[in-house]
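First the structure, in the form of structure tokens, and then the observations on it.
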Amino acid sequence: MIDTHCHLTFPEFSGRVDAVLAAAHADGVHGAVTVATTTANALECVALAAAHEGLYASAGIHPLYSDSPCDWEDMHRAALHPKCVAWGELGLDRHYAKPPIALQRAVLDEQLSRILRWSDEGLAKPVIVHCREAFADLVPILASCGLPRERFVFHCFTGTPADARLVLDFGAWISFTGVVTYPSARDLREAATLVPIDRMMVETDAPFLSPQPVRGHWPNEPRHVVHVAQALAALRGMDPHELASALDANAERFFGVRWAR
Ligand SMILES: [Zn+2]
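Just so we're aligned: the sequence shown equals residues 2 to 262 in my numbering.
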């Protein structure tokens, strides 16, 4: 399996990324994408990806880091690296009061216009979207930004069935984390049954969101993505192996990567 979204540059993994990836491999997780949160972090992500087989990176500014120092040249330099396979994560987050939504919006607008320009210059990549309690704001922004709709994935989807419908009608993909394994997440589990198999991915968002049955473990790790896939297979009454290979094929198609098995 592939963990399509984790943060292996975070201090929780400092000095032990080799061990974390080896443990993932032993559990059948042979690839991952380590996702950027700031422009400086994008350079760290590509450096880490360059040093590890099967690990790829993204370049972008997370909405909750909109108030961090930003150097667009660093983001562009990260994106030029051959192991940088996506933009993001970018978007809006209304769950917290800070950074203010106006600042998140300003950084998002500038980020999308630069990505559009860089895409036209030969750096077209899929886009990892962070959307928390902001579907009604964010979907129209993405719809009018000029980037292709089927190249967006709403990562760590935790919305309602109506939110899922909005994202699917827009044309984007949806990715699930360990939250979908939590028995209390009834709305989300219902939403998960709406997503066509060919528009679905799975991820850990490590170090966050350890899935059942390792919920409460800190930090979460890429190897635990198998529990997310198993929960989705159970929800949809599918054979877990069949769903896992469909999800792998999806990740390869979305990111344009061929992961070695
Ligand atoms: Zn993330």
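Don't be surprised by glycine CBs; every beta carbon is placed ideally from N, CA and C.
Return no unless some Cβ of chain C is closer than 8 Å to the Cβ of residue i.
{"i": "residue 175", "result": "Judged by its chain identifiers, the structure shown contains no chain C, having just a single protein chain."}
What's the call for residue i, buried or exposed, on a 16-neighbour Cβ count within 10 Å?
{"i": "residue 287", "result": "Residue coverage of the chain in this structure runs from 2 to 262, which leaves residue 287 outside it and unanswerable."}
{"i": "residue 39", "result": "buried"}
{"i": "residue 84", "result": "buried"}
In the structure shown, what three-state DSSP assignment does residue i receive?
{"i": "residue 263", "result": "Past the boundaries of the shown model lies residue 263; the chain is included only from 2 to 262, so the question cannot be answered."}
{"i": "residue 5", "result": "strand"}
{"i": "residue 186", "result": "coil"}
{"i": "residue 207", "result": "strand"}
{"i": "residue 40", "result": "helix"}
{"i": "residue 168", "result": "helix"}
Between the alpha carbons of residue i and residue j, how many angstroms are there, rounded?
{"i": "residue 71", "j": "residue 112", "result": "11 Å"}
{"i": "residue 254", "j": "residue 57", "result": "14 Å"}
{"i": "residue 65", "j": "residue 215", "result": "27 Å"}
{"i": "residue 142", "j": "residue 79", "result": "25 Å"}
{"i": "residue 220", "j": "residue 207", "result": "7 Å"}
{"i": "residue 161", "j": "residue 205", "result": "20 Å"}
{"i": "residue 89", "j": "residue 131", "result": "8 Å"}
{"i": "residue 75", "j": "residue 115", "result": "13 Å"}
{"i": "residue 25", "j": "residue 8", "result": "14 Å"}
{"i": "residue 200", "j": "residue 236", "result": "16 Å"}
{"i": "residue 183", "j": "residue 213", "result": "7 Å"}
{"i": "residue 224", "j": "residue 19", "result": "13 Å"}
To the nearest whole angstrom, what separates the beta carbons of residue i and residue j, a pair I think is in contact under 8 Å?
{"i": "residue 227", "j": "residue 28", "result": "6 Å"}
{"i": "residue 177", "j": "residue 158", "result": "6 Å"}
{"i": "residue 148", "j": "residue 128", "result": "6 Å"}
Please give the ranges of any beta strand (DSSP E) in the segment 120 to 164, keeping only runs that are unbroken, at least 3 residues long and fully inside the region.
Taking only runs of at least 3 residues, the beta strand (DSSP E) segments lying wholly in the segment 120 to 164 are 128 to 133, 153 to 156.
Taking the runs of the beta strand (DSSP E) that are 3 residues or longer, which of them lie wholly in the segment 54 to 110?
56 to 60, 85 to 94
Length at least 4, wholly inside the segment 209 to 245: the alpha helix (DSSP H) runs in chain order
226 to 237
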